[in-house]
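So the sequences go chain by chain: A and B.
255 is the number of the first residue of the first sequence in our numbering; add one for each residue after it.
255 is the number of the first residue of the second sequence in our numbering; add one for each residue after it.
Virtual Cβ for every residue (Gly too), placed ideally from N, Cα, C.
A quick write-up on the structure given underneath.
Number of protein chains: 2
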Amino acid sequence: MWLRQRVVRAHRTLNCYGLYSSFMACFVYTIFGSCKDVPVGPTAIIAILTRETLQKSDLEPDFAVLLTLISGCICFFMGILHLGFLLDFISGPVSVGFTSAAAIIIATSQVKDILGIHIGGSKFVEVWQNIFEKIGETKLWDTALGISCIIILLLLRKIKDIPFMKKAAKMSSRAQVIMQKSLWLLSTARNILVVLVCGVMCWLLESHLGSSPVRLTGHVKQGLPEFRLPPFQTYHKNETYDFVDMVSALGSGCLVVPLLSLLETISIAKVFNEGKPIDATQEMLALGVCNVVSAFVSSMPVSGGLSRGAVNHSSGVKTTLGGIYTGLLVLVSLQFLTPYLYFIPNAALAAIIIAAVIFMVELHVIKPIWRTKKIDLIPAIATFLCCLFIRLEIGIVIGIGINVLFLLYASARPSLRVHKDTSINGCEYLVITPDRSLVFPSVEYVRAVISKQGTKQGTAVPVVIDSTHIQAADFTAAKGIKSLTEDFSKRGQPLIFHNLKPSIIEIFKGVKPSGLRCSSSELELNDCLKEFSNISSASMNRY
Amino acid sequence: MWLRQRVVRAHRTLNCYGLYSSFMACFVYTIFGSCKDVPVGPTAIIAILTRETLQKSDLEPDFAVLLTLISGCICFFMGILHLGFLLDFISGPVSVGFTSAAAIIIATSQVKDILGIHIGGSKFVEVWQNIFEKIGETKLWDTALGISCIIILLLLRKIKDIPFMKKAAKMSSRAQVIMQKSLWLLSTARNILVVLVCGVMCWLLESHLGSSPVRLTGHVKQGLPEFRLPPFQTYHKNETYDFVDMVSALGSGCLVVPLLSLLETISIAKVFNEGKPIDATQEMLALGVCNVVSAFVSSMPVSGGLSRGAVNHSSGVKTTLGGIYTGLLVLVSLQFLTPYLYFIPNAALAAIIIAAVIFMVELHVIKPIWRTKKIDLIPAIATFLCCLFIRLEIGIVIGIGINVLFLLYASARPSLRVHKDTSINGCEYLVITPDRSLVFPSVEYVRAVISKQGTKQGTAVPVVIDSTHIQAADFTAAKGIKSLTEDFSKRGQPLIFHNLKPSIIEIFKGVKPSGLRCSSSELELNDCLKEFSNISSASMNRY
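The structure is reproduced here in C-alpha cells:
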C-alpha cells in the first residue's frame with residue numbers, strides 16, 4: 255500500500271520529489287524514532303501544504319527541497335527547546351476541521367483527472383469554477399474508468415468487514431481463517447490491485463491500438479537521486495534567488511509545514527501507541543533529522559502518515575526497523591520499476607486518492623462534539639470553513655486563535671458559587687467559592703463580585719472565601735486581594751480566606767496586605783467567626 | 255493644578271489642541287460618566303502616544319483630531335460589545351513597565367527645554383544621542399532656571415508630609431490646622447506657583463531688558479475653537495488624503511490610543527472608587543462619547559488622568575458635576591488668559607513635567623513583585639525595555655503576549671499531585687489529583703502522567719483520580735479521558751474518578767467512553783475498591 259501511495263503522491267505533487275522523499279526518511283527514522291508504527295515519508299497533508307506554499311508564487315521544486323531542510327531544522331530546534339507543548343494547543347475540534355478541509359481540497363484537486371480535463375488553480379472555489387467552465391470537455395473513458403475505480407475501491411474497502419464467521423458456519427475453522435485472511439489481503443491491497451489491473455489494461459490497449467483511450471502517467475525519471483547539498487541559490491522567473499530571497503518567497507510555509515508535520519507525526523504516534531506516553535521531544539528531533547537528511551536527496555518535506563501507519567500496525571510491525579524494508583522497496587522501484595509507471599492511468603490514481611481521502615472528512619465527530627460541549631463546534635466549523643475557502647494555514651491559525659480565546663475568557667471570568675452557611679455558634683456567614691486560580695485577567699472580576707456580594711449582605715455578615723480551588727496566584731492577584739482585604743477592613747466587615755494553600759498565602763503576603771485572615775480548618779474558621787461575633791456583640795452592647 | 259497641566263501639555267504636544275481637549279470632555283463626562291473622581295482631558299500618556307502616532311510619518315494636527323474621533327468610536331463600540339474584559343489582560347507588571355517607560359520618555363523629551371537647546375527625534379535613544387551631540391550649545395540661564403524649578407517643586411511636594419502636629423505642639427489646635435492646611439495648599443498649588451513666579455519674572459525682564467534671557471512659550475492662539483465636523487480629508491506633503499488614507503497613515507495608533515485611554519481611565523476609576531465595583535461598560539461608553547464630541551472642537555484624544563484624579567479626590571469632589579467647573583475654567587482661560595501664556599518660560603514648564611513624571615517610574619514595585627512571584631518580573635521588565643527602546647505600543651503588546659503565554663503554559667501543564675492511600679478494607683490505591691480543569695492543551699499531558707504512574711504501580715493497584723479541582727472540560731478532554739479509560743480497561747487496571755462534578759460527567763459521557771467509573775463519596779469509592787479487590791482475589795483463586 256505504501257508503494258502505491260508513494261507513487262500516487264509523487265505523481266500528484268512534485269513528480270519525482272515524492273519518490274525521493276520515501277526512502278531516506280525511512281532509514282533515518284529507524285535510527286532516531288521511538289514509535290514503531292510511524293512510517294515517515296511524504297503525506298497527503300504535507301504535500302498539499304507544500305503545493306500551496308509553492309503555487310503562491312509559482313516556485314520551482316528547488317524551493318520544496320529548501321523547505322524540507324528548513325522544516326527539518328525547525329523541528330529539530332523545537333525538540334531541543336522542548337517546545338512540544340505548543341502542539342497541545344491544536345485541539346481536537348481544530349484538528350478535525352483542518353483534516354476535513356484538507357481532505358476535501360485534495361479530493362477536489364483530483365476531480366480534473368477523473369473527468370480527463372486540464373484546468374489550473376489550486377483554491378477550492380477556483381478549481382470548482384474552472385471545472386464547471388470546462389465540464390463540456392469531459393472525456394468519456396477517463397470518467398468511466400475513474401468512477402468505476404472509485405466504486406470498486408469502496409466495495410473492496412468494505413469487504414473485510416463482512417462477518418464471514420457467521421455466514422460460513424459449516425466451513426472448517428481453518429478454511430474460515432484462510433477466507434478471512436484473504437479477504438483482508440484483498441481489501442488491504444486494493445490500491446495496488448487497481449493500479450496493476452488498470453496498468454496492464456492500458457499497456458495491452460496501447461500495444462494493440464497504438465494509443466490509449468485514457469490519459470496515462472507518462473515518463474517518470476528513472477534512477478536514484480544524487481546525494482548533494484540542498485539548493486541555497488536558484489533561478490526563479492529569470493532572476494537569481496539567494497537563500498534569503500528563497501526563504502522569504504516560501505514565507506509562512508517555513509513555519510506551517512514543520513508545525514503540521516510534527517502535529518501529524520505526533521498524533522499518529524498517539525493513535526498507535528495505545529496509551530503508552532509519547533516522548534514528543536524525541537519525535538521532534540527524529541522528524542527534524544529525517545527532513546534535514548532527506549533534503550540532501552532532493553526530497554519534499556516528510557512526516558508520519560496516518561494510513562501507512564495503520565497498514566504498519568495491522569501488518570504487525572514490531573520495531574522501527576520496519577522502515578528499512580519500506581525504504582529498500584522504494585529504492586528498488588526507483589531503480590527498476592519506473593518504466594512500468596508510464597502505463598498507469600491518471601484517472602485510476604485520482605480514484606485511489608479520492609477513495610482514500612473521503613474518509614478523512616470527519617462528519618461523524620459533529621455529534622459527539624454536540625453532546626459534550628456545543629461551543630467546541632465553533633472552532634471546528636471556523637477552522638473548516640477558513641481552511642476550505644481561505645487557506646489551510648490561515649484556517650488552522652484562526653481555529654487555534656478562537657480556541658485560545660475560549661481558554662483566556664475562562665481564565666478571565668471564573669465562576670463564583672455563593673451560598674449562606676451558619677457556624678456552630680449560630681453566626682450566619684456568606685461563603686463564596688471561586689472555581690479556579692486567581693490570575694491577572696480574573697482578579698478584578700473576582701474582587702468586584704466579592705465586594706458586591708459582601709455589600710449586598712451588609713457589614714454584619716462575615717464573608718468566607720472558600721479557596722480550595724485557588725491553586726495559583728500572581729502579583730496582580732496579590733494586589734487585588736490586598737485592595738479587597740483593605741476594602742473589607744474599612745467597612746469593618748470580616749473577610750476570611752478558608753483553605754488557602756500555604757504557597758498562595760506566601761504570594762499574598764508579598765504585597766503586605768493589612769488584615770489578611772486565613773483559616774485552614776473548620777475549627778479555625780469557627781474560631782474566627784466566633785471572635786467576630788463577640789466583637790460585634792460587644793460593640794452592640796456598648797452603644 | 256489641572257489648569258497648569260493642561261497648559262503644559264497643550265504646549266508640549268500639539269499647541270492649541272491640548273487646550274481645546276480640556277473643556278468639552280469635562281462637560282460630556284459629567285453627563286455620561288459614573289465615577290466622580292475621573293477628570294477626562296488630555297493626559298501625558300495619551301499625548302505621548304498621539305505624538306508617536308503623528309511623528310511616525312510627520313502628520314498634521316488634523317490627523318490628531320481624526321484620531322480622537324476614531325478612538326471615541328472604538329471605545330464606544332467596545333462598550334456596546336461588552337469587551338471590557340479585554341482590559342483585564344493588561345496585568346499589574348505590564349502596566350507598571352509601561353507607565354515607567356512612558357514617564358522616562360516624557361522626561362527625556364523635556365530635557366532639551368531644560369538645557370535650552372533645539373533637537374529633533376522622538377525615540378529615547380535618538381533623543382539622548384542628539385542631546386549629547388548638542389550639549390555644547392547648552393544655555394546657562396535656561397538650565398539654571400529649569401534645575402532650580404525642579405528642586406523647588408520637589409521640595410514643595412515634600413512639604414505637606416512634614417509632621418507639623420508634633421513639632422508645633424505648643425500652638426493652638428486651630429493654628430495647627432490652619433498651618434497644615436496652608437502647607438497642603440502650598441504643596442498642591444506648587445505647579446501654578448512656579449508658573450506664576452517665573453511668568454511674572456520673565457514679564458518684568460522682558461519689559462525692562464526688551465528680551466528675555468530664557469526661552470519663552472510665545473504666542474498661543476486665542477479664543478474658542480469652532481464647533482465643526484472632524485476633518486475627513488486633509489493635505490499632507492502636498493497630497494490630498496481622504497479618510498481611508500488618513501486612517502492607514504495613523505495605522506496602529508487607531509487601536510492603541512483608544513485601548514490605552516480606556517486602560518488609563520478605568521485604572522484611575524479603580525484607584526479612587528475604593529472597592530466599589532466599576533461599571534467598565536459605562537466607562538467605555540462615556541469615554542467614547544467624550545472623544546467623539548471632543549473631535550468636533552478640534553481636540554486631541556482624551557482620557558482620565560491620574561494626577562488630576564488625585565487632585566479631584568483630595569479636594570473633596572462629590573459628584574461628576576465637578577467636571578463642569580473644570581471645563582468652565584478652561585473656557586475662561588482660552589478666551590481671556592492666552593496673552594499671558596506668552597511669558598511662561600519653556601524651562602519652567604519642562605521642570606513641572608519632569609518633577610511630575612519621575613514619580614511615575616515605579617521602581618518601588620520591583621520588591622513586592624520579587625516577594626510575591628518572581629517570574630512576574632519578566633513581563634514587567636520586558637514591557638519596560640521594549641517600550642523604552644522600541645515603541646510604547648510594541649512594548650505593551652509584547653508584555654501582554656508574554657503574560658498570556660504564562661497563562662497558556664499554566665493551562666497546558668497543570669500540576670498533578672500523586673500519593674498512595676489505603677481503603678477501609680485494606681486495598682492500597684494510587685490517588686492522582688490534577689490541580690485545575692481539563693482543557694485541550696493539558697489533557698494529553700494529564701493522560702500521559704496518569705498512564706505513566708498507573709503503569710509504574712503495576713496493574714494490581716487501582717488508580718483514583720481526585721477530580722475536586724476539575725471544574726471544566728471540553729471535547730478534546732472528553733476524547734482524552736475516553737482513551738485513558740480504554741487504556742486502563744485493556745490493561746485490566748481499575749480507574750475511578752472521584753468527586754467528578756455531574757456536569758463534567760455529562761461532558762465525558764458525550765463521547766461514550768467504555769468503562770468510565772465515578773464515585774461521588776468516600777463510601778462509594780470504598781465500594782468500588784472492594785468490588786475490585788474481590789474480583790482480583792477471585793481471579794487469583796481461579797489460577
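Asked, Found
"Listed by chain order, chain B residues near residue 726 of chain A by CB distance under 7 Å", "664"
"Beta-bridge pairing of residue 295 of chain A - partner residues as DSSP gives them", "A:557"
"DSSP beta-bridge partners of residue 544 of chain A", "DSSP lists no partner for residue 544 of chain A."
"For residue 364 of chain A and residue 477 of chain A, the rounded distance between their alpha carbons", "27 Å"
"Same chain, Cβ closer than 7 Å to residue 632 of chain A, neighbours up to 5 away in sequence not counted", "656"
"Residue 347 of chain A at chain B interface by Cβ criterion, 8 Å", "yes"
"Within 8 Å, strictly: CB atoms of residue 448 of chain A and residue 406 of chain A", "yes"
"Nearest to residue 493 of chain B (by Cα), restricted to the options B:350, B:313, B:779, B:627", "B:313"
"Residue 458 of chain A, DSSP secondary structure in three states", "helix"
"Contact set between residue 698 of chain A and chain B, taken where Cβ atoms lie within less than 8 Å", "342, 524"
"Proximity winner among B:723, B:677, B:481, relative to residue 550 of chain B (alpha-carbon distances)", "B:481"
"CB contact check: residue 256 of chain B to chain A, cutoff 8 Å", "The pLDDT assigned to residue 256 of chain B is 38, lower than 50, so where the model puts this residue is not dependable; a value taken from the coordinates is nonetheless given after this. It does not; no Cβ of chain A falls within 8 Å."
"Rounded separation between residue 352 of chain A and residue 723 of chain B - CA only", "32 Å"
"Below-8 Å beta-carbon distance, residue 761 of chain A vs any chain B residue", "yes"
"Contact set between the segment 613-631 of chain B and chain A, restricted to residues whose Cβ is under 7 Å from the partner", "622, 623, 625, 626, 627, 630"
"Spatial neighbours of residue 298 of chain B in its chain, beta-carbon cut-off 6 Å, leaving aside the 5 residues before and after", "360"
"Buried versus exposed, by CB contacts within 10 Å (16 or more), residue 429 of chain A", "exposed"
"Cα-Cα separation, residue 362 of chain A to residue 370 of chain A", "14 Å"
"Selection from B:697, B:546, B:318 that minimises the alpha carbon distance to residue 327 of chain B", "B:546"
"is_contact[residue 691 of chain A, chain B] using C-beta, thresh 8 Å", "yes"
"contact_flag[the segment 500-509 of chain B, the segment 613-631 of chain B] where n(CB pairs < 8 Å) is 3 or more", "no"
"Which of helix, strand or coil DSSP assigns to residue 619 of chain B", "helix"
"Reference residue 229 of chain A; option with closest CA among A:788, A:537, A:773", "Summary: the structure shown does not reach residue 229 of chain A, with chain A confined to residues 255 through 797, and so no result is reported for it."
"Residue 321 of chain B: CB within 7 Å of a non-hydrogen atom of the ligand PLP", "Ligands displayed in this structure: none; no statement on the ligand PLP is therefore possible."
"Whole runs of the beta strand (DSSP E) within the segment 467-542 of chain B, excluding any shorter than 3 residues", "488-490, 493-495"
"Closer than 8 Å to chain B by CB, residue 733 of chain A", "yes"
"Meets three-Cβ-pair contact criterion under 8 Å: the segment 661-672 of chain A and the segment 681-699 of chain A", "yes"
"Inter-stretch contact (C-beta, 8 Å, three-pair minimum) for the segment 709-723 of chain B and the segment 739-751 of chain B", "yes"
"Minimum Cβ-Cβ distance from residue 657 of chain A to chain B less than 8 Å", "yes"
"For residue 264 of chain A, three-class secondary structure by DSSP", "Annotation note: pLDDT 37 at residue 264 of chain A (below 50); position unreliable, coordinate value reported separately. Of the three classes helix, strand and coil, the one that applies to residue 264 of chain A here is helix, per DSSP."
"Chain-ordered neighbours of residue 749 of chain B on chain A, where CB pairs are closer than 9 Å", "Ordered by position in chain A, no residue passes the 9 Å Cβ test against residue 749 of chain B, which lies about 11 Å from the chain."
"Neighbour flag for residue 287 of chain B against chain A, beta carbons, 8 Å", "no"
"Assigned exposure category for residue 266 of chain A - 16 Cβ within 10 Å defines buried", "Residue placement at residue 266 of chain A is flagged as unreliable, the pLDDT there being 40, under the threshold of 50; the coordinate-derived value follows with that caveat. Residue 266 of chain A comes out buried."
"Contacts that residue 667 of chain B makes with chain A (C-beta to C-beta distance below 8 Å)", "339"
"Supposed contact pair residue 471 of chain A and residue 596 of chain A - C-beta distance, whole angstroms, cut 8 Å", "6 Å"
"Straight-line gap, residue 610 of chain A to residue 601 of chain A (C-alpha atoms, nearest Å)", "14 Å"
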